[in-house]
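First up is the structure itself, then whatever we jot down about it.
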Amino acid sequence: MRESDSVAVYFVRVMTHALRQQPARLAAVLREAGIDPALLDQPRARVPGSAFAALWLIQIRELQDEFFQLDSRGMPPGPLP
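In the working numbering, the protein residues as written are -5 to 75.
Here it is, written out as structure tokens:
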């Protein structure tokens, strides 16, 4: 990944949808990934690709779901059986 790679904050908002009702937890997860929580309120903002990749892994760990609770069935972390 190039240092200049970035991702629209829209995708961060979608990925973190399951934590919307837990603002303190959401903020902690974003900070752990190196993302300023205030960026969620800036529709045209972008986040570094490396921070988005970190958030991806943190979300899987936090939610125990590789689909980020965006699917009714979910997908537990780890390899498929």
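Glycine residues also receive a C-beta, built at the ideal position from the N, C-alpha and C atoms.
query	result
8 Å Cβ cutoff met for glutamine 58 and alanine 12	no
Buried or exposed by the 16-neighbour rule on C-beta atoms within 10 Å, applied to alanine 18	exposed
Selected residue, minimal CA-CA separation from arginine 25, among Val8, Ile52, Arg(-4) and Gln36	Ile52
Exposure of valine 8, with buried meaning 16 or more beta-carbon neighbours within 10 Å	exposed
In chain order, each beta strand (DSSP E) run of at least 3 residues that lies wholly inside the segment 7 to 57	40 to 42
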